[in-house]
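Undergrad: Structure incoming, see below.
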Amino acid sequence: MDDETDVISVLEKLVFSFILKLLDKKQKKVISKNNIIEITRLYYIIEIILKNINGNIYTTLRQIFYTNPQLFISQNISNRTIGKLTQIIKKPREILNIYNSPKGIIRGNLLLKERNLSDWIDCMSIFEVEPYRNKDYFYLFKITRGHLICPFGIIDLKIPTTVKYVLIIEKETVFFKLLQSNFIFKYGPLILITAKGFPDINTRQLIYEIQKKNKTLKFFCLTDYDAYGLNVAFTYSAKFESKVYYMDDISINNLQWISIFTPEEGIRKKALKETDFSKLSLKDIRIMDNICTKLKSNNKFGVSETNRWIEQVNNMKKSGIKYEIDAIADMEKHLDTKIKELL
Numbered sequence: 004m005d006d007e008t009d010v011i012s013v014l015e016k017l018v019f020s021f022i023l024k025l026l027d028k029k030q031k032k033v034i035s036k037n038n039i040i041e042i043t044r045l046y047y048i049i050e051i052i053l054k055n056i057n058g059n060i061y062t063t064l065r066q067i068f069y070t071n072p073q074l075f076i077s078q079n080i081s082n083r084t085i086g087k088l089t090q091i092i093k094k095p096r097e098i099l100n101i102y103n104s105p106k107g108i109i110r111g112n113l114l115l116k117e118r119n120l121s122d123w124i125d126c127m128s129i130f131e132v133e134p135y136r137n138k139d140y141f142y143l144f145k146i147t148r149g150h151l152i153c154p155f156g157i158i159d160l161k162i163p164t165t166v167k168y169v170l171i172i173e174k175e176t177v178f179f180k181l182l183q184s185n186f187i188f189k190y191g192p193l194i195l196i197t198a199k200g201f202p203d204i205n206t207r208q209l210i211y212e213i214q215k216k217n218k219t220l221k222f223f224c225l226t227d228y229d230a231y232g233l234n235v236a237f238t239y240s241a242k243f244e245s246k247v248y249y250m251d252d253i254s255i256n257n258l259q260w261i262s263i264f265t266p267e268e269g270i271r272k273k274a275l276k277e278t279d280f281s282k283l284s285l286k287d288i289r290i291m292d293n294i295c296t297k298l299k300s301n302n303k304f305g306v307s308e309t310n311r312w313i314e315q316v317n318n319m320k321k322s323g324i325k326y327e328i329d330a331i332a333d334m335e336k337h338l339d340t341k342i343k344e345l346l
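Here it is, written out as structure tokens:
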């Protein structure tokens, strides 16, 4: 049974079960006014999902709210209702043809077949580049963009055996900086991905699918040297946690957070200046403490991986300093050197 048929079957059983409860006088008396409103919202969502699947239509979270703002009152309520339904039927949101606006970008040596398209997408396609003239007036191509990660998910992907690693990048600015410096051509074949900040579900799912396809690939995460950046990297590694949506485990195994330089190393190698540093805040300390708490309660990590994350937290706390990765002089060269040490 395919995903769509399975979802329809589960939803039909849910509706039928509710009808039976309505016919049961004892059950009917238990339903309060508030319950009626919640149930109305839930079955309104079910109606949209069935139309989506049967008509091969995709709907954004925001579109669903605006189909009946009087019923949902706020988008937060409509999102929670969708989340509740995913928990009830134990199916992730994308299978229901409901998606959030795309956010992540990918560029590199791989082909993708997306759920809503029949053709393969080449993530090194010529259509993702911008022509420019060099000093001799020859037309060259400068890579300035990436492929927007499909919110509907992928059906299949192809990764050349020559690909060395996948580099996940916290900041969009750093992602584009690497593209514009021809990082892939100089140091590849490789794959670059960014979620433009904190990881979203679509980006995490694609990275998970890449690892599932090639379990020998190394995965690195490049972030600012601060608690937020460390938490971004940790989130890709940790099991997905959501109080709203049901989601399969899409965590990455043995992801390595890249600290190109500790503050001391950066100064010693003249890649950073004292003015690039700022002190860790109390909020930074709380974020790192939270990472350690999650490590203790998470049964996903082995002893060595747990110790590695704790060591990274302790080293950052010990330095008491943070800095933005953009500040490193010749970042691309130092990044390549660091990755070669880890490969």
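Quick note, the sequence shown lines up with residues 4 to 346 if you use my numbering. Backbone N, C-alpha and C define an ideal beta-carbon position, used for all residues, glycine too. Since this is a predicted model, take the numbers as computed values, not measurements.
(1) Going by C-alpha distance, which of Thr278, Ala241 and Thr206 is nearest serine 300?
(2) With DSSP run on the structure shown, which of helix, strand or coil describes lysine 325?
(3) For valine 306, does the count of other Cβ atoms within 10 angstroms reach 16, so buried, or fall short, so exposed?
(4) Glutamate 314 to aspartate 333, Cα distance in whole Å?
(5) On a CA-only basis, which of Lys273, Gln259 and Ala230 is nearest asparagine 293? Give me that one, please.
(6) What are the residues that DSSP puts in a beta bridge with leucine 160?
(7) In whole angstroms, give me the CA-to-CA distance for asparagine 234 and aspartate 251.
(8) When DSSP labels each residue in this structure, what does aspartate 251 get in the three-state scheme?
(9) With a CB to CB cut of under 6 Å and the five nearest residues on each side skipped, what residues in its chain are close to aspartate 227?
(10) Just tell me which of Lys320, Ile194 and Asp9 has its CA closest to the CA of glycine 111.
(11) Please list the terminal residues of the continuous alpha helix (DSSP H) segment that includes lysine 216.
(12) What number of angstroms, rounded off, separates the C-alpha of proline 134 from the C-alpha of serine 184?
(13) For leucine 17, I'd like the list of residues in its chain whose CB is within less than 8 Å of its CB, leaving aside the five on either flank, ordered along the chain.
(14) What number of angstroms, rounded off, separates the C-alpha of proline 95 from the C-alpha of aspartate 339?
(15) Consult DSSP for cysteine 295 and reduce its assignment to one of helix, strand or coil.
(16) Got a sec? Which residues, its chain only, sit under 7 Å from glutamate 308 by beta carbon, not counting five neighbours each side?
(17) Measure the C-alpha to C-alpha separation of lysine 320 and isoleucine 67 and round it to an integer number of angstroms.
(18) Tell me the DSSP secondary structure of phenylalanine 222 in three-state form.
(19) If you draw a straight line from the alpha carbon of phenylalanine 186 to that of leucine 151, how long is it in whole angstroms?
(20) Between which residues of its own chain and isoleucine 255 is the CB-CB distance below 7 Å, once the five residues before and five after are set aside?
(21) Determine the DSSP secondary structure at tyrosine 122, reduced to helix, strand or coil.
(22) To the nearest angstrom, how far is it from the Cα of cysteine 126 to the Cα of leucine 283?
(23) Measure the C-alpha to C-alpha separation of aspartate 105 and proline 154 and round it to an integer number of angstroms.
(24) Taking the alpha-carbon positions, what's the asparagine 89 to threonine 70 distance?
(25) Using the C-alpha atoms, what's the distance from leucine 182 back to tyrosine 140?
(26) Per DSSP, what kind of secondary structure is arginine 44 in: helix, strand or coil?
(27) What does DSSP give as the partner residues of isoleucine 109 in its beta bridges?
(28) With DSSP as the reference, please indicate the residues paired to threonine 70 in a beta bridge.
(29) Here's a check: name, in chain order, each residue in its chain whose Cβ is nearer than 6 Å to the Cβ of isoleucine 172, leaving out the five neighbours to either side.
(30) Looking only at C-alpha atoms, which of Thr62, Asp159 and Phe75 sits nearest to leucine 113?
(31) Determine, using beta carbons only, whether isoleucine 290 and tyrosine 190 come nearer to each other than 9 Å.
(32) Compute the Euclidean distance between the alpha carbons of arginine 311 and leucine 53, then round it to the nearest angstrom.
(33) For isoleucine 263, which of Thr176, Lys336, Ser121 and Asn217 has the nearest alpha-carbon?
(34) Quick one: what does DSSP say alanine 236 is sitting in, helix, strand or coil?
TA: Quick answer:
(1) Ala241
(2) strand
(3) exposed
(4) 27 Å
(5) Ala230
(6) Leu115
(7) 20 Å
(8) coil
(9) Glu327 and Ile328
(10) Ile194
(11) 204-216
(12) At proline 134 the pLDDT is 48, less than 50, meaning the model places this residue with poor confidence and gives no usable figure here.
(13) Ile49, Ile91 and Ile92
(14) 37 Å
(15) helix
(16) Asn257
(17) 44 Å
(18) strand
(19) 19 Å
(20) Ile210, Tyr211, Gln214, Phe222, Tyr239 and Ser240
(21) The residue asked about is misnamed: residue 122 is aspartate in this sequence, not tyrosine. Reduced to three states, the DSSP call for aspartate 122 is coil.
(22) 38 Å
(23) The identity of residue 105 in the sequence shown is proline, whereas the question assumes aspartate. Their Cα atoms are separated by approximately 5 Å.
(24) One detail in the question is off: residue 89 reads as threonine in this sequence, not asparagine. Each residue's alpha carbon lies about 20 Å from the other.
(25) Residue confidence for tyrosine 140 is low, a pLDDT of 48 falling below 50, so the modelled location carries little weight; the figure read from the coordinates is stated next. If you take the alpha carbons of tyrosine 140 and leucine 182, they lie about 22 Å apart.
(26) helix
(27) His150 and Ile196
(28) Threonine 70 pairs with nothing; no bridge assigned.
(29) Phe178, Thr197 and Leu225
(30) Asp159
(31) no
(32) 46 Å
(33) Lys336
(34) helix
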